[in-house]
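Some notes on the structure that comes next.
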Amino acid sequence: EGMHEVPLNGEDYVGFIDLLVEIAPNTYAMYDYKYSNNVDRYLESGQLSVYKRKFEELNPSKKIEKLYFVFAPKLRIRQKKTETIEQFRNRLRAQLSEVDVRVIAVPFSQEKVEEYEATIREIKRTKEFKRNVTKLCDWCEYKDYCIKGETWMLYKKGE
């Protein structure tokens, strides 16, 4: 039950709330699903606090009272060359039956919202975007161009 994939579209922000559940008239609990074994990293993030703030700005008559992450652990399982698809599925079901999905409450953090807003202000002021090679480059669709030194794609004036 509830509303799934609720869009948050503001001037400086686009996001989606995975699940909103009404717990009282115009009052909601927010859930964000994570398929991850890195629970601590997500618990340190300000994502849910920013989502709460943005939702309430876009919907002034509504409030989010509770914030939750729902963690489903990643399984490291592959089909063996010697097993059939049915054998693999049975092995997968057995592992899934031993996994605990965790729902963890997250306190709202005004500080995290302010950090996010300060970052947005800094981005807007930035005129030159220098190459910054990190492990996140592996996720970037422009990695091959950037790392090889191709500069034809770099913006010249912060455009």
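Just so you know, the sequence shown maps onto residues 1 to 159 in this note's numbering. Ideal Cβ placement from N, Cα and C applies to all residues, glycine included. Computed from a predicted model, the values in this text were never measured in an experiment.
Three-way DSSP call (helix, strand, coil) for residue i in this model
i: Asn90; result: helix
i: Val99; result: coil
i: Val50; result: helix
i: Lys143; result: helix
i: Asp12; result: coil
i: Ile64; result: strand
Sub-8 Å separation of residue i and residue j beta-carbons
i: Lys74; j: Gly15; result: no
i: Val113; j: Leu67; result: no
i: Tyr35; j: Ile64; result: no
i: Leu58; j: Met30; result: no
i: Val101; j: Phe69; result: no
i: Leu8; j: Tyr51; result: yes
Supposed contact pair residue j and residue i - C-beta distance, whole angstroms, cut 8 Å
i: Gly46; j: Ser109; result: 6 Å
Residue i versus residue j: straight-line alpha-carbon distance, rounded
i: Val62; j: Leu136; result: With the sequence shown as reference, residue 62 is identified as Lys, and Val is not the correct amino acid for it. Using only the alpha carbons, I get a separation of about 36 Å.
i: Glu159; j: Glu56; result: Legend: pLDDT at Glu159 = 49, less than 50; position of this residue unreliable, value from coordinates given subsequently. If I take the Cα positions, the gap works out to 31 Å.
i: Thr134; j: Arg76; result: 25 Å
i: Val6; j: Thr82; result: 44 Å
i: Lys80; j: Leu96; result: 17 Å
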